[in-house]
Structures are given as structure tokens and as C-alpha cells.
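*Asks:* Numbering follows our numbering, with no gaps: position 113 of the sequence shown is 113.
Don't be surprised by glycine CBs; every beta carbon is placed ideally from N, CA and C.
Quick caveat: nothing in here was measured; it's all calculated off a predicted structure.
Can you keep this structure in mind? I'll have questions shortly.
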Amino acid sequence: MFAIVETGGKQYKVSKGTVLRVEKLDAAVGDEVVFDKVLAVDLDGDFQVGKPYLPGAQVKAKVLNQGKAKKILVFKYKPKKNYRRRKGHRQLFTEVIVEDISLGTQEETAAVE
Numbered sequence: 001m002f003a004i005v006e007t008g009g010k011q012y013k014v015s016k017g018t019v020l021r022v023e024k025l026d027a028a029v030g031d032e033v034v035f036d037k038v039l040a041v042d043l044d045g046d047f048q049v050g051k052p053y054l055p056g057a058q059v060k061a062k063v064l065n066q067g068k069a070k071k072i073l074v075f076k077y078k079p080k081k082n083y084r085r086r087k088g089h090r091q092l093f094t095e096v097i098v099e100d101i102s103l104g105t106q107e108e109t110a111a112v113e
């Protein structure tokens with residue numbers, strides 16, 4: 001049982017109990033977040049693909065941590081001109097654990113179409 005979700009412009013393959021580091025979300029530690037941009041779901045051999053998303057499908061997760069990734073250094077220079085610049089960047093992230101994957105009821109999906 002797994003799902004492919006989209007968040008922060010990236011796609012992740014998740015299953016129940018998966019711990020993910022996604023782009024920063026506006027949620028406090030301990031909050032529940034719902035990813036509704038589900039691209040595909042496999043529930044015990046029943047594989048469904050959305051166009052582009054599956055209507056009614058959801059992945060529920062709990063926020064474990066908010067933090068910053070390791071520092072990335074960007075260095076630029078011009079040779080023979082004594083021009084050097086060093087810049088650092090730390091990307092913000094949210095760490096979540098997947099608690100539930102649901103496809104939604106058939107009535108909900110029929111109403112959306």
C-alpha cells in the first residue's frame with residue numbers, strides 16, 4: 001500500500017509510517033496535515049492513477065519537526081581580478097510521518113466527475 005503525493009513542487013512515494021522531509025509547511029509540531037494532491041495510489045494491488053490528481057484521495061500526516069537543512073555554500077569568483085564572493089543558504093523543511101492513506105468513497109469520486 002503506497003501513494004505518490006505532490007507537495008512543494010516535488011513528488012514523494014509514501015506508505016504508512018514513512019518519515020518525510022518536505023518543503024516548509026505552515027503547521028506547528030504535532031499538527032496534522034493533509035496532502036490532497038495525490039497522483040497515484042496502490043491499495044493492495046488496486047493501482048489507480050489520477051489525471052493529474054485522484055479526486056477524494058488523501059494522505060494524512062503528523063508534523064514531527066520544523067528545521068533547517070545543512071548549509072549549502074555558493075562561491076563565485078573572477079580570475080585575475082581579486083573578486084570573490086561566498087554565500088550560504090539553509091533550506092527550511094518540515095519533517096512529517098505518514099499516518100493514513102485513503103482513497104475516498106466511490107460516491108465522492110462520482111460526484112466530482
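Does residue 91 come out as helix, strand or coil in the three-state DSSP assignment?
*Replies:* The DSSP-derived three-state label of residue 91 is coil.
*Asks:* Could you tell me the alpha carbon to alpha carbon distance between residue 16 and residue 35, rounded to whole angstroms?
*Replies:* 13 Å
*Asks:* In the DSSP output, what is residue 43 paired with across the bridge?
*Replies:* 46
*Asks:* Would you report the Cα separation of residue 25 and residue 102, rounded to the nearest angstrom?
*Replies:* 21 Å
*Asks:* Taking residue 104 and residue 48 to be in contact with their CB atoms under 8 Å, please state how far apart those CB atoms are, rounded to whole angstroms.
*Replies:* Their Cβ separation, rounded to whole angstroms, is 11 Å, which puts residue 104 and residue 48 out of contact at 8 Å.
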